[in-house]
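Novice: The letter at position 108 of the sequence shown is residue 107 when you use numbering that gives the first Met the number 0, and the numbering goes up by one with no holes.
In this text, a Cβ means the ideal position worked out from N, Cα and C, and glycines have one as well.
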Amino acid sequence: MPVRCQRTIRNETTARGIGFLTGADVTLRFLPAPENHGVVFQRVDLSDQPCVPATHEFLVSRQRRTAISGNGATIELVEHVMSALAGLQVDNCLVQLDAPETPGFDGSCQPVVDALLLADFENQTATRRILRVARPLHVTSEDGSMIDARPFGRDGLTITYMLDYGSNSPIPAQSYTVDVTPETFVNEIAFARTFILDSEIASLKALGYGPRTTSHDLLVFTADGVLENELKAADECARHKILDCIGDFALTGCDVQGYFNAWRTGHQTNHELMRQLKDVCVDKDRETLVA
Ligand SMILES: [Zn+2]
Numbered sequence: 000m001p002v003r004c005q006r007t008i009r010n011e012t013t014a015r016g017i018g019f020l021t022g023a024d025v026t027l028r029f030l031p032a033p034e035n036h037g038v039v040f041q042r043v044d045l046s047d048q049p050c051v052p053a054t055h056e057f058l059v060s061r062q063r064r065t066a067i068s069g070n071g072a073t074i075e076l077v078e079h080v081m082s083a084l085a086g087l088q089v090d091n092c093l094v095q096l097d098a099p100e101t102p103g104f105d106g107s108c109q110p111v112v113d114a115l116l117l118a119d120f121e122n123q124t125a126t127r128r129i130l131r132v133a134r135p136l137h138v139t140s141e142d143g144s145m146i147d148a149r150p151f152g153r154d155g156l157t158i159t160y161m162l163d164y165g166s167n168s169p170i171p172a173q174s175y176t177v178d179v180t181p182e183t184f185v186n187e188i189a190f191a192r193t194f195i196l197d198s199e200i201a202s203l204k205a206l207g208y209g210p211r212t213t214s215h216d217l218l219v220f221t222a223d224g225v226l227e228n229e230l231k232a233a234d235e236c237a238r239h240k241i242l243d244c245i246g247d248f249a250l251t252g253c254d255v256q257g258y259f260n261a262w263r264t265g266h267q268t269n270h271e272l273m274r275q276l277k278d279v280c281v282d283k284d285r286e287t288l289v290a
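1. Do residue 276 and residue 130 have their CB atoms nearer than 8 Å?
2. Quick check: does the Cβ of residue 147 come within less than 7 Å of any heavy atom belonging to ligand 1?
3. Could you pull out every residue in the same chain whose Cβ sits closer than 8 Å to the Cβ of residue 11, ignoring the five residues on either side in sequence?
4. If I'm right that residue 170 touches residue 236 with Cβ under 8 Å, what's the distance once you round it to whole angstroms?
5. Which residue marks the beginning of the alpha helix (DSSP H) containing residue 245, and which one marks its end?
6. Within 10 angstroms of the Cβ of residue 96, are there 16 or more other Cβ atoms? Answer buried if so, exposed if not.
7. Using 8 Å as the Cβ pair cut-off and three pairs as the minimum, do the stretch 109-118 and the stretch 212-224 touch?
8. For residue 57, which of helix, strand or coil comes out of DSSP?
9. Determine which residues share a DSSP beta bridge with residue 66 and list them.
10. Considering residue 84, what are the terminal residues of the alpha helix (DSSP H) in which it resides?
11. Spatial neighbours of residue 14 within its chain, please: C-beta separation below 6 Å, excluding the five flanking residues on both sides.
12. Kindly list the residues whose CB is nearer than 6 Å to the CB of residue 122, restricted to its own chain and excluding five residues on each side of it in sequence; keep chain order.
13. Is residue 183 helix, strand or coil when you go by DSSP?
14. For a test of the three-state rule: what should DSSP assign to residue 48, helix, strand or coil?
15. Out of curiosity, what's the CA-to-CA distance linking residue 281 and residue 132?
16. Secondary structure at residue 121, three-state DSSP: helix, strand or coil?
17. Got a sec, what are the start and stop residues for the alpha helix (DSSP H) residue 197 sits in?
18. What residues match up with residue 157 in a beta bridge as DSSP calls it?
19. Give me the pocket residues for ligand 1, defined as CB within less than 5 Å of any heavy atom, sorted by chain position.
20. Could you tell me if residue 238 is buried or exposed, where buried requires 16 or more neighbouring beta carbons within 10 angstroms of its beta carbon?
21. On the three-pair Cβ rule with 8 Å, is the stretch 68-85 touching the stretch 242-256?
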């Protein structure tokens, strides 16, 4: 992936759904934005309609999801929308929403991808910044999950995700590797839905989460398999984890280039790796940042 022009969407587009956390009806409106604007979320349901840029500076700590907060507004679960935008190389976009979270849809980002494809794209003049991995980096978390980044002999982003929760888990061990391009994103990643164990649901419901979310809105794994739903691919869970990585990497505001190898990681380790990548950038004004 050589240096490319930034791009935005040509027309306004919308996607609607129900929030996984609050059960709110949510409308997402995607609007074209000028070059170097980045992706910015705007809470139009709040009186002063505050904006929050989707970058690491506005990241807030959450369990098992990615959220941003600033200027008096918080937006939960931005990772799937960010993944759709990054996967389609939409660098500049104003994302308006009328709730504190993005819609959960079917647990994937396919409805956002469909909306963005309808809007069509417009190339801009400025070049997109690249964050290129120049030396190995490695992040592990307390539960033993890990992600590492390595230089690659060529341009582009390649992600391998290995998922193995042990032989007692209803989720079978699986892995997936993808060279991330708009084409592979649309064909191999965008449809992959998020997943949960049925044993985890009670505690989330006790916290008030998911009042309108059912087993049709994401993959629920039981000892007998997927509850009231069917896998779209045997390795759908690993593909979804790659979808999450792409969304989390997009908070750098750059095209990340390198080879990433993830083992059971989640959002926190993804964010930590990106923080380390950005911290070692020698010249933040150059078009290509070498980490
Ligand atoms: Zn996800």
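Specialist: Judging by the given coordinates:
1. yes
2. no
3. 28, 29, 30, 31, 118
4. 6 Å
5. 235-248
6. buried
7. no
8. helix
9. 59
10. 78-86
11. 27, 110, 111, 114
12. 4, 6
13. helix
14. coil
15. A caution first: residue 281 carries a pLDDT of 41, below 50, which makes its placement in the model too unreliable to give a value.
16. strand
17. 197-205
18. 178, 258
19. 193, 243
20. buried
21. yes
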